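Enquirer: Shown below is the structure under consideration.
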Amino acid sequence: MIPKSILVFLFSCVMATAIAQKPVQVILPKTEFDIKQASEMLNEGNSEIKGVAYYEDRAPIGIKVGETIYARLGIVVTLYPVTAYMEEYLELKKKNRPNKRVAGISTLANCYRIETKIYGSQGEFVFKGLKPGKYYLESMVHFPSGSVAQEVSGIVEINKDGESVNFKLKHIF
């Protein structure tokens, strides 16, 4: 049997934690999402993006420290067309404050995306059948411990139909 004083202490700790946690504020872009533009950008084309998703830890002066960690087999890579709405979202995302404020996108905007999966042990992925334009890509790289992951994201541009672009998905946007 647990003594009453310990139960009271544990209950107090749980309540203090619950009271101290404030809800995270989600900020959405004010720009109206352009369905027509997003649909047009996601129509079938003849271009492709071939890429590698990975994470490298770097010292403040830019020198690589530690090993390269590649995205795991089967992890989803998401592609969004870069519209004015998405540009505003990316600007808001730069102002994220952990546990306080995060940028988000509407359910409608989230429907206008293409997903693929990592297919190789070196974090390889491919998007086929794309039109020329700018695209925002994002994925997660899970550390070997399995308990921590880091977002990797970036913007890639296809300049002409039929182009094959190689892209390193490593930038923390």
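Mind the numbering: the sequence shown is residues -20 to -1, 1 to 153 in mature numbering (1 follows the signal peptide of the UniProt record, and there is no 0), read in order.
Even glycine gets a Cβ: it sits at the ideal position worked out from N, Cα and C.
Remember, predicted model here, so these are calculated numbers, not experimental data.
Of the residues Val62, Ile49, Asn79, which one's Cα is nearest the Cα of Met120?
Expert: Ile49
Enquirer: Tell me which same chain residues have a C-beta within less than 6 Å of the C-beta of Glu24, skipping the five on either side of it?
Expert: Gly109, listed in sequence order.
Enquirer: Is there contact between the segment 100 to 108 and the segment 14 to 34, where contact requires at least three CB pairs shorter than 8 Å?
Expert: They touch, by the three-pair rule.
Enquirer: Give every residue of the same chain whose Cβ lies closer than 6 Å to the Cβ of Glu68, excluding the five residues on either side of it in the sequence, and list them in chain order.
Expert: Pro9, Thr11
Enquirer: Which of helix, strand or coil does DSSP assign to Tyr65?
Expert: helix
Enquirer: Taking its Cβ as the centre, do 16 or more other Cβ atoms sit within 10 Å of Thr63, making it buried, or is it exposed?
Expert: buried
Enquirer: Looking at the secondary structure, which residues open and close the alpha helix (DSSP H) in which Met39 lies?
Expert: According to the sequence displayed, residue 39 carries Ala and not Met. Where Ala39 is concerned, there is no enclosing alpha helix (DSSP H), given that its DSSP letter is neither H nor E.
Enquirer: Contact check, Val128 vs Glu95 under 8 Å by CB: the rounded distance?
Expert: Taking a contact as a CB-CB distance under 8 Å, the pair Val128 and Glu95 does not count as one, their CB atoms being some 23 Å apart.
Enquirer: Where does Val(-13) fall in DSSP's three states?
Expert: Its pLDDT being 45, under 50, Val(-13) is placed unreliably in this model, and the coordinates cannot settle the point.
Enquirer: Closest to Val136 by C-alpha separation, out of Gly142, Ser27, Phe147, Glu47, would be which residue?
Expert: Phe147
Enquirer: When you compare the CB positions of Tyr92 and Pro112, do they come within less than 8 Å of one another, or not?
Expert: no
Enquirer: Let me know the beta strand (DSSP E) ranges lying completely inside the segment 73 to 99, each 3 residues or longer, listed in chain order.
Expert: 81 to 83, 94 to 97
Enquirer: Based on Cα-Cα distance, which residue from Thr58, Asn90, Phe13, Pro124 lies nearest to Ile29?
Expert: Thr58
Enquirer: With burial defined as no fewer than 16 other Cβ atoms inside 10 Å of the residue's Cβ, what is the status of Leu53: buried or exposed?
Expert: Leu53 should be labelled exposed.
Enquirer: Verify whether the separation of the beta carbon atoms of Val132 and Val82 is less than 8 Å.
Expert: no
Enquirer: Please check the pair Asn79 and Val4, which I expect to be a contact at CB under 8 Å, by giving their CB distance rounded to whole angstroms.
Expert: 6 Å
Enquirer: Kindly identify the DSSP beta-bridge partner or partners of Glu20.
Expert: In the DSSP output, where bridge partners are listed per residue, Glu20 has none listed.
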